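Protein chains: 2
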Amino acid sequence: MNIGTYSFEEYMERIQAFHGSTAPGMIAGGIMVTIARGHLPKGEIFDVISESGHCLPDAVQLLTPCTIGNGWLKIVNTSRYALIFYNKYTGAGVRVYLDAHKLAGFPAVRGWFLRELPKPEQDLGAIVQEFKRAGQAIFGLQKVQVKPEYIQGEKKVRAAIAICPVCGEAYKSNLGDICPACRGTAPFLVVQDGGDA
Amino acid sequence: MNIGTYSFEEYMERIQAFHGSTAPGMIAGGIMVTIARGHLPKGEIFDVISESGHCLPDAVQLLTPCTIGNGWLKIVNTSRYALIFYNKYTGAGVRVYLDAHKLAGFPAVRGWFLRELPKPEQDLGAIVQEFKRAGQAIFGLQKVQVKPEYIQGEKKVRAAIAICPVCGEAYKSNLGDICPACRGTAPFLVVQDGGDA
Chain A
1 MNIGTYSFEE
11 YMERIQAFHG
21 STAPGMIAGG
31 IMVTIARGHL
41 PKGEIFDVIS
51 ESGHCLPDAV
61 QLLTPCTIGN
71 GWLKIVNTSR
81 YALIFYNKYT
91 GAGVRVYLDA
101 HKLAGFPAVR
111 GWFLRELPKP
121 EQDLGAIVQE
131 FKRAGQAIFG
141 LQKVQVKPEY
151 IQGEKKVRAA
161 IAICPVCGEA
171 YKSNLGDICP
181 ACRGTAPFLV
191 VQDGGDA
Chain B
1001 MNIGTYSFEE
1011 YMERIQAFHG
1021 STAPGMIAGG
1031 IMVTIARGHL
1041 PKGEIFDVIS
1051 ESGHCLPDAV
1061 QLLTPCTIGN
1071 GWLKIVNTSR
1081 YALIFYNKYT
1091 GAGVRVYLDA
1101 HKLAGFPAVR
1111 GWFLRELPKP
1121 EQDLGAIVQE
1131 FKRAGQAIFG
1141 LQKVQVKPEY
1151 IQGEKKVRAA
1161 IAICPVCGEA
1171 YKSNLGDICP
1181 ACRGTAPFLV
1191 VQDGGDA
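Listed in order, the protein sequences are those of chains A and B. Just so it is clear: in the first sequence, position 60 is 60 by this note's numbering, and no numbers are missing. Position in the second sequence (first residue = 1) + 1000 = this note's numbering.
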């Protein structure tokens, strides 16, 4: 079984390097990316939505040009284990999901996916072997139409940048008179202002 | 100037491969990561918060073990151009930001960062040269204490997985009787249910 342009073993090495561990979700994600790309028209310029923030976004970032930082990958957390690949201009695309109803013959994958087994009792080796045996058979596929807010429309006018009168930092001026952080969304408190780096 | 363990030129190649373009924000981000790591205790096990979803998360993912999919990188969008590196258990850390008040001698960077120039008029070559000349001089540094919700506390009990009675897919049972997507957050409409991948 190949994952994208990698052999399964090469992909396992790439997971370790990028994600830090050979998590089952990265193996599932690799197969899901491979299925999705196989169902897109050749040469399609696609964007991706991940319905989970766990593992799946990293499989997309390893195997496609789409990253969180370049905006071609978005996370819309529905708590489901699914990836949507779609034409960024029309929104037409495919959705691939891990299908809980197809796991009867794959107890190790099932134990992990449905959390039937506590983590220390999960057997990673068995999970990997079951994924290799299952291949694409445990996934579902849908044709979907992505909602307009995720489709690239007319070129938006980019907001001007303002300097926040409270913190003194740059932010998008269309977000208000002071920046979102100074309105209370900052995830931290300043202990000491160093000024220079 | 080095970016992480790369020479500037090597880093530019890595940006192109991972992010798809040598965006100014990736250069800023690379310098910011380098500053932040230089101010962390040696061997610190850190998490990262990016205050912007543009470019910065990709610089973190290229240069550190922290990714969106492994959970060690989070995006808390305040619209400011800043990264926070912090001890994942105590929340003590450093915050690095691009300081708009230090850009007087760097017109190309300023034109990009404050959007004073429309994109087609920005000179990427000049921006790159100014970043190389500026190095760490155009960034600010703060010691910060990250809020408790971003710190790793007692091991949480992981929610059981349920099968949604509407869509039939697996989701975290603590999110309600039906999954979030079936309550209206799905970013798409199903056009055709393929069933098997």
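Virtual Cβ for every residue (Gly too), placed ideally from N, Cα, C. Every value quoted in this text rests on a predicted model; they were computed, and no experiment measured them.
| Item | Value |
| --- | --- |
| Does any residue of chain A bring its CB to less than 8 Å from the CB of B/Arg-1110? | no |
| Using 8 Å as the Cβ pair cut-off and three pairs as the minimum, do the segment 90-110 of chain A and the segment 1100-1108 of chain B touch? | no |
| Where does the unbroken beta strand (DSSP E) through B/Val-1128 begin, and where does it stop? | Where B/Val-1128 is concerned, there is no enclosing beta strand (DSSP E), although the alpha helix (DSSP H) it sits in stretches over 1124-1134. |
| Hey, would you say B/Leu-1056 sits closer than 8 Å to A/Gly-69, going by beta carbons? | yes |
| Where does B/Arg-1014 fall in DSSP's three states? | helix |
| Going along the chain, which residues of its own chain have a beta-carbon closer than 7 Å to the beta-carbon of A/Thr-67, five neighbours each way excluded? | Gln-61, Leu-73 |
| Considering only the beta carbon of each residue, do B/Ala-1017 and B/Glu-1051 sit closer than 8 Å? | no |
| Answer with yes or no whether the minimum CB distance from A/Gln-192 to chain B is below 8 Å. | yes |
| Could you spell out where the beta strand (DSSP E) holding B/Gln-1142 opens and where it closes? | 1139-1146 |
| Can you have a look at B/His-1101 and say buried or exposed, based on whether 16 or more other CB atoms are within 10 angstroms of its CB? | exposed |
| Who does A/Asn-2 pair with in a DSSP beta bridge? | A/Ser-7 |
| Under three-state DSSP, which class holds A/Val-166? | coil |
| According to DSSP, is B/Val-1094 part of a helix, a strand, or is it coil? | strand |
| For B/Ile-1163, return the contacting residues in chain C, with the cut-off set at a CB-CB distance below 9 Å. | Here the protein chains are A and B, and chain C is not one of them. |
| Considering only residues of the same chain and omitting the five flanking positions on each side of B/His-1054, which have a CB-CB separation below 7 Å? | Gly-1025 |
| Find the residues of chain A that neighbour B/Ile-1084, judging by a C-beta separation of less than 8 Å, and give them in chain order. | Pro-187, Phe-188 |
| What are the boundary residues of the alpha helix (DSSP H) that B/Ile-1031 is part of? | 1024-1038 |
| How about A/Val-48: is its C-beta nearer than 8 Å to some C-beta of chain B? | no |
| May I have the straight-line CA-CA distance separating A/Glu-44 from A/Val-76, to the nearest angstrom? | 22 Å |
| When you compare the segment 1120-1129 of chain B with the segment 1176-1191 of chain B, are there three or more beta-carbon pairs, one atom per stretch, that lie closer than 8 Å? | no |
| For B/Lys-1172, which of helix, strand or coil comes out of DSSP? | strand |
| For B/Val-1157, which of helix, strand or coil comes out of DSSP? | coil |
| Checking the sheet assignment: what are the DSSP bridge partners for A/Ile-49? | A/Lys-74, A/Ile-84 |
| Round the Cβ separation of B/Val-1048 and B/Phe-1085 to the nearest angstrom and send it over; I've been treating them as touching at under 8 Å. | 6 Å |
| Count the other C-beta atoms from every protein chain shown that fall within 10 angstroms of the C-beta of B/Arg-1133, then say buried if there are 16 or more, exposed otherwise. | exposed |
| Report buried or exposed for A/Gln-192, applying the criterion of at least 16 other Cβ atoms within 10 angstroms of its Cβ. | exposed |
| CA-CA distance, A/Pro-41 and A/Lys-143? | 13 Å |
| Using a C-beta to C-beta distance shorter than 7 Å, which residues of chain A count as neighbours of B/Gly-1020? | Pro-65, Asn-70 |
| Taking a Cβ distance cut-off of 7 Å, strictly less, list which residues of the segment 1127-1145 of chain B are near chain A, in chain order. | Gln-1136, Phe-1139, Gly-1140, Leu-1141, Gln-1142, Lys-1143, Val-1144, Gln-1145 |
| Hey, would you say B/Ile-1035 sits closer than 8 Å to B/Val-1096, going by beta carbons? | yes |
| What is the DSSP secondary structure of B/Gln-1192, reduced to helix, strand or coil? | strand |
| Comparing the C-beta of B/Gly-1105 with each C-beta of chain A, is any distance below 8 Å? | no |
| Mind pulling the chain A residues with CB within less than 7 Å of B/Leu-1175? | Ser-79 |
| Taking only beta-carbon positions, decide if B/Tyr-1157 is within less than 8 Å of chain A. | The residue you asked about is not Tyr; residue 1157 of chain B is Val in the sequence shown. No, no contact with chain A. |
| What residue range is occupied by the uninterrupted alpha helix (DSSP H) comprising B/Gly-1069? | Careful: B/Gly-1069 lies outside any alpha helix (DSSP H) and carries neither H nor E. |
| So for B/Arg-1183, helix, strand or coil by DSSP? | helix |
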